[in-house]
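Below is one structure, written out as structure tokens; the observations come after it.
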Amino acid sequence: MLKSKQWLAHKENQIVVLLLFSGLLFRSIIATFLSPGFDESYYYLYALHLDWSYFDHPPLIAFTTGLGPWLTGEVSQFTIRIGSLLLYTGTLTFLYLTSAQLFSKRAATWTLAIATTIPIFQIVFGTLNLPDVPLMFFWSASLYVAACEFFHKSKTYAPSYRIAILGLLVGLAFLGKYHGALLGLGLVAFCLTNPRHRSALFSPWTALGVTIFLATISPVLFWNMNHDWASFRFQSGRVVPSNSLKINDLFTTFLVGLGYLFPTLGLPLWWVTLKATFAQVMPIINPKIIPIEQESSQKQRMILWVSLPIFLWFTFIGGYQPILPSWPMPGFFGATLLLGLQASIWESKFPQRVRSWLQGSAAVIVSLMLFALLHVTWGIIQKPGQYALGGGFWPAKDDSSTQLIDIQQLRQGFIQSPVLRKALARADFVFTNRYFLGGQIAMALTPIENKRITCFDADLRGFAFWSKDTEGLNKDALYITSELFGQGEDINAKYGSYFRSIEKIGEVPIRRGGVVVQVFNVYYAKTLLKPYPRPYGLKSPS
Numbered sequence: 001m002l003k004s005k006q007w008l009a010h011k012e013n014q015i016v017v018l019l020l021f022s023g024l025l026f027r028s029i030i031a032t033f034l035s036p037g038f039d040e041s042y043y044y045l046y047a048l049h050l051d052w053s054y055f056d057h058p059p060l061i062a063f064t065t066g067l068g069p070w071l072t073g074e075v076s077q078f079t080i081r082i083g084s085l086l087l088y089t090g091t092l093t094f095l096y097l098t099s100a101q102l103f104s105k106r107a108a109t110w111t112l113a114i115a116t117t118i119p120i121f122q123i124v125f126g127t128l129n130l131p132d133v134p135l136m137f138f139w140s141a142s143l144y145v146a147a148c149e150f151f152h153k154s155k156t157y158a159p160s161y162r163i164a165i166l167g168l169l170v171g172l173a174f175l176g177k178y179h180g181a182l183l184g185l186g187l188v189a190f191c192l193t194n195p196r197h198r199s200a201l202f203s204p205w206t207a208l209g210v211t212i213f214l215a216t217i218s219p220v221l222f223w224n225m226n227h228d229w230a231s232f233r234f235q236s237g238r239v240v241p242s243n244s245l246k247i248n249d250l251f252t253t254f255l256v257g258l259g260y261l262f263p264t265l266g267l268p269l270w271w272v273t274l275k276a277t278f279a280q281v282m283p284i285i286n287p288k289i290i291p292i293e294q295e296s297s298q299k300q301r302m303i304l305w306v307s308l309p310i311f312l313w314f315t316f317i318g319g320y321q322p323i324l325p326s327w328p329m330p331g332f333f334g335a336t337l338l339l340g341l342q343a344s345i346w347e348s349k350f351p352q353r354v355r356s357w358l359q360g361s362a363a364v365i366v367s368l369m370l371f372a373l374l375h376v377t378w379g380i381i382q383k384p385g386q387y388a389l390g391g392g393f394w395p396a397k398d399d400s401s402t403q404l405i406d407i408q409q410l411r412q413g414f415i416q417s418p419v420l421r422k423a424l425a426r427a428d429f430v431f432t433n434r435y436f437l438g439g440q441i442a443m444a445l446t447p448i449e450n451k452r453i454t455c456f457d458a459d460l461r462g463f464a465f466w467s468k469d470t471e472g473l474n475k476d477a478l479y480i481t482s483e484l485f486g487q488g489e490d491i492n493a494k495y496g497s498y499f500r501s502i503e504k505i506g507e508v509p510i511r512r513g514g515v516v517v518q519v520f521n522v523y524y525a526k527t528l529l530k531p532y533p534r535p536y537g538l539k540s541p542s
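Using the numbering used here, read the sequence shown as starting at 1 and increasing by one per residue.
The following block contains the structure:
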């Protein structure tokens with residue numbers, strides 16, 4: 001207790017606590033009011049179908065999703081995000097410790113402030129329930145252990161037990177998302193290109209670390225071996241360029257990435273990373289330049305190897321095909337260590353300017369995020385809408401944010417309708433026509449009736465492996481879809497031959513700002529006559 005008081009007596013440490021607490025509070029506000037997205041609610045189904053791994057992702061997202069509902073007994077947008085809120089606080093703590101180990105406490109404070117401020121880090125790594133959350137927690141923990149391993153106080157380097165711990169942590173990052181493999185490759189590349197640390201590659205500790213890594217990722221290997229390597233084939237197909245390079249798309253990907261990082265932070269991130277890279281490669285390009293082998297240069301080299309290839313590669317892929325905004329972000333997250341170091345140097349020369357730069361960026365980012373939250377939740381620029389400013393100007397039919405469904409309204413629609421409640425209790429299972437709708441429906445209905453939920457569509461994702469296609473034969477079902485994703489669909493043409501009969505029994509309107517912005521249609525389908533065809537997954541022999 002005395003040591004804690006002494007630690008908190010330092011102003012620098014008070015700033016660290018304030019940053020961690022204020023960031024957690026702000027993200028908790030967003031987590032409370034923002035309706036769950038398609039991916040988030042879909043991962044709730046992972047928590048209902050615990051397995052060694054999944055078609056879309058490795059298994060840790062099932063546990064981060066399920067943590068809140070298991071602890072509280074409640075299913076809501078906030079409870080499925082409790083794991084994200086807690087883990088990102090840990091992620092930031094490890095990032096701070098890494099910077100302090102590599103550089104200084106002041107650089108670490110700047111790094112923490114920057115990572116706390118960047119909007120896409122706050123949302124993707126720290127609020128939403130996504131595979132990036134466990135990935136970045138163990139990514140950040142790996143960086144800290146690597147910093148302690150390769151840059152401790154001793155002037156000479158000797159491999160230690162920390163390499164074995166790195167094998168575990170990199171493996172756990174891989175169990176969060178397959179990006180974890182890139183982290184491991186980056187650390188290996190650092191050792192290969194750094195003479196002082198090359199001995200780590202031939203150490204018994206490295207052999208043990210590789211063994212622990214393989215043991216840690218064995219659940220994913222086991223699942224894939226038993227499912228025709230489906231997950232590896234699916235994900236590798238998404239990141240291998242399949243079209244010709246388009247410069248306009250490449251530039252657009254770069255600009256979109258800047259927007260998510262926020263330009264006043266994204267541009268400096270690119271600048272410090274490219275500057276550090278230039279200093280590293282110039283001796284290779286021009287042999288007359290003597291390589292810089294001071295420890296500070298080696299530290300930056302480690303950061304570059306686990307950062308630059310990742311965001312360059314995924315930005316480059318964006319020139320061939322659409323990418324998700326989160327794909328290059330682990331690289332930028334590592335690069336905040338370089339920007340935090342540079343900010344501490346700038347501060348010594350221009351203290352007021354540098355503080356104004358970050359404080360101004362934070363003020364604008366928080367304002368924009370709160371404005372977006374108010375609109376997505378209450379429709380403050382929706383036309384029409386009872387909370388709309390100036391009468392609103394954005395018609396709900398043109399606003400994609402209306403796809404974020406208030407699952408409480410969907411749940412109440414079933415609870416308050418005797419017809420729907422009775423039909424839900426009588427049906428043997430529930431199906432929908434889009435895999436991502438299945439998660440929203442599961443979050444809404446599972447607390448009422450724990451029915452099996454599946455998907456009858458060509459794009460089945462995890463649904464293809466959570467049950468066999470014959471499981472619903474000769475049983476009744478509820479078919480639930482939104483008006484948006486059932487638009488233009490001929491129900492009888494698509495499903496009529498599979499059921500004895502199918503008829504609409506009701507609908508549930510979803511309102512925002514007092515206006516109906518989405519409608520869920522509910523059908524009762526009697527007696528499944530034959531399995532719905534599956535392009536992959538668990539199906540009966542043809």
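Even for Gly, the Cβ is constructed at its ideal location relative to N, Cα and C.
On a predicted model such as this, the values are computed, not experimentally measured, just so you know.
Per DSSP, cross-strand counterpart(s) of residue i
i: G506; result: V522
i: V430; result: I453 and L478
i: P395; result: K383
i: L528; result: L473 and F499
i: R511; result: V516
Nearest residue (CA-CA) to residue i, options the options
i: P263; options: W357, G126 and S199; result: W357
i: L324; options: I415, A141 and R238; result: R238
i: I15; options: W110, S104 and L437; result: W110
i: I405; options: N13, P36 and S142; result: P36
i: A343; options: A107, G167 and I381; result: A107
i: S549; options: S242, I163 and D228; result: The chain is shown only over 1 to 542; residue 549 falls outside these bounds and no answer can be derived.
i: R511; options: Q412, V354 and K468; result: Q412
i: T253; options: C191, Q280, M329 and S467; result: M329
i: F174; options: F138, R353 and Y42; result: F138
i: G506; options: P418, R198, R434 and F121; result: P418
i: E12; options: L112, G68, Y54 and T72; result: L112
i: P541; options: I502, K468, Q487 and R500; result: K468
i: P69; options: Q386, S41, H375 and S236; result: S41
i: N521; options: W305, F278 and E489; result: E489
i: S76; options: M225, N474, R426 and L410; result: L410
Coarse secondary structure for residue i, derived from DSSP in three states
i: T481; result: strand
i: Q235; result: helix
i: R461; result: coil
i: T377; result: helix
i: H544; result: No answer is possible for residue 544: it lies beyond the span of the chain, which begins at 1 and ends at 542.
i: S326; result: coil
i: S104; result: coil
i: D406; result: coil
i: T64; result: helix
i: L19; result: helix
i: W223; result: helix
Proximal residues to residue i (C-beta, below 7 Å), its chain only, five neighbours per side dropped
i: K299; result: L102 and F151
i: G171; result: I212, F213, T216 and I217
i: L373; result: I30, F33 and L34
i: Y44; result: T65, I80, G439, A442 and M443
i: F314; result: I323, W327 and P328
i: A388; result: G379, I380, I381, Q382 and G513
i: S99; result: A107, A108, T111, L337 and G340
i: L24; result: L85 and T89
i: G391; result: K383
Residues near residue i in its chain [Cβ-Cβ closer than 6 Å; skip 5 each side]
i: L182; result: I310
i: S307; result: G331, G334 and A335
i: G438; result: T432, I453 and C455
i: Y545; result: No answer is possible for residue 545: it lies beyond the span of the chain, which begins at 1 and ends at 542.
i: W346; result: V354
i: W466; result: H49
Residues near residue i in its chain [Cβ-Cβ closer than 8 Å; skip 5 each side]
i: L166; result: S142, V145, A146, E149, L187 and G209
i: A458; result: P535
i: Y320; result: P241, S242, N243, S244, L245, K246 and D249
i: G360; result: T264
i: S401; result: H375 and V376
i: L8; result: Q14 and V17
Inter-stretch contact at 8 Å, needing at least 3 Cβ pairs: the region 480-491 / the region 459-467: No, because fewer than three Cβ pairs between the region 480-491 and the region 459-467 fall closer than 8 Å, the two stretches do not touch.
Cβ pair count under 8 Å reaching 3, the region 114-132 against the region 15-26: Cβ pair count under 8 Å is three or more, so yes.
Given 8 Å, three or more beta-carbon pairs between the region 522-541 and the region 491-498: Verdict: yes, contact present.
Any 3 or more C-beta pairs closer than 8 Å across the region 80-99 and the region 125-144: Yes: the two stretches touch, three or more of their Cβ pairs being nearer than 8 Å.
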